[in-house]
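Peer 1: Residue numbers (mature numbering (1 follows the signal peptide of the UniProt record, and there is no 0)): -22 to -1, 1 to 238.
1. Considering only DSSP beta bridges, list what residue 7 is partnered with.
2. Taking only runs that begin and end inside the segment 67 to 104, name each unbroken alpha helix (DSSP H) of 4 or more residues, in chain order.
3. Keeping to the same chain, check which residues put their C-beta closer than 8 Å to that of residue 4; ignore five residues upstream and five downstream.
4. Quickly, what does DSSP pair residue 198 with across the bridge? List them, please.
5. What residues are listed by DSSP as bridge partners for residue 161?
6. Reducing DSSP to helix, strand and coil, say where residue 19 ends up.
7. Assess, as a yes-or-no matter, whether the segment 90 to 103 is touched by the segment 19 to 34 under the definition of 3 or more beta carbon pairs within less than 8 Å.
8. With a 10 Å radius around its C-beta and 16 neighbouring C-beta atoms as the bar for buried, classify residue 228 as buried or exposed.
9. Determine the extent of the beta strand (DSSP E) in which residue 139 is found, giving its start and end residues.
10. For residue 70 and residue 17, what's the separation of their Cα atoms in angstroms?
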């Protein structure tokens, strides 16, 4: 009987410890790089705006938690997660095998291809042969960086890394770059829609295994509780039409969700 009581006591202690370890989220801190309009950028008043920002705020509203946005350069996102600077990354982070080795992801937020941007009439295309000897800029920490190092560098293309996308476009406009490589929708609906982008065009999508399209919320490895919570919120946005409303606000009739 004493042994049974001891066993029950031990079980009770284990259950209590498990309850203490389970985090009750009242606030979600999201890492964001606000240099990637129309997904995430800053308005004139300094507030964060964009498709990802609206989705993140809607997820928090659905889950009845407070949203806190923490700004970071994109290449600092995964280190930031590991250092507990934020709970998740909502900053157009593509799901890749390399990233899945070190962090986990929520279900899909949206899907989009990669493309180049260059001056109209330049004669450049997405084919690496046309870019040989040219200089192409990319944002550090992105899938485009991995592609630049694995493919472009080996094809005789000069590549240049930048801390954020705004710096890439600045050097493209100044003529220090012949082209830039980034998310196609970001280029079309962000840069090309701006006055500075009027003389530029976007290439066809770049088809390469190093450039997948599925984007999700990045979270710390093994945080199954947060993944379940985020997936619940994302599903609710689709079920009640909130996702469709936000998508239409930023992209019109364009459908970014692949349903995977």
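C-beta atoms are modelled at their ideal positions from N, C-alpha and C, and glycine is treated no differently.
Peer 2: Walking through what the data contain:
1. 46
2. 75 to 78
3. 43, 44
4. 81
5. 92
6. strand
7. no
8. buried
9. 136 to 140
10. 7 Å
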